[in-house]
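Numbered by our numbering, the letters in the sequence shown go through residues 25 to 72 in order.
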Amino acid sequence: GVLVDAIRVSAGDDRAALRTRLLELLDALPGDDPRVLAARRDLASALY
Numbered sequence: 025g026v027l028v029d030a031i032r033v034s035a036g037d038d039r040a041a042l043r044t045r046l047l048e049l050l051d052a053l054p055g056d057d058p059r060v061l062a063a064r065r066d067l068a069s070a071l072y
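(1) How long is the line joining the alpha carbons of ARG64 and ASP38, rounded to whole angstroms?
(2) Please name the residue in ARG32, VAL26, LEU27 whose C-alpha comes closest to that of TYR72.
(3) Check whether the Cβ of VAL60 lies closer than 8 Å to any Cβ atom in chain D.
(4) Name the two residues that bound the continuous alpha helix (DSSP H) containing SER69.
(5) Considering only the beta carbon of each residue, do ARG45 and LEU53 sit closer than 8 Å?
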């Protein structure tokens with residue numbers, strides 16, 4: 025997704041803010057939603 029792509033190319037405070045925003049959006053959806061599972065996997069990949 026757009027936020028995950030932005031996280032991949034950002035650093036520092038910008039990266040932290042993007043990560044926080046993405047997690048806020050994911051928390052608004054049911055935890056078993058396939059989109060949430062995929063986004064969390066992609067986020068982990070982008071961060072590590």
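Backbone N, C-alpha and C fix where the C-beta goes; we use that ideal spot for every residue, glycine too.
This is what the structure gives:
(1) Position 40 of the sequence shown, counted from the start, is the residue given in the question as residue 64. Position 14 of the sequence shown, counted from the start, is the residue given in the question as residue 38. Looking at the two C-alpha atoms, the distance is approximately 18 Å.
(2) Translated into positions along the sequence shown, residue 72 becomes position 48. Out of ARG32, VAL26, LEU27, the CA that lies nearest to the CA of TYR72 is found in ARG32.
(3) The chain labelled as chain D is not found in the depicted structure, where only one protein chain is given.
(4) In the sequence shown, residue 69 corresponds to position 45, counting from 1. Here the alpha helix (DSSP H) through SER69 covers 58–71.
(5) Mapped onto the sequence shown, residue 45 falls at position 21. Mapped onto the sequence shown, residue 53 falls at position 29. Not a contact, by the Cβ cut-off of 8 Å.
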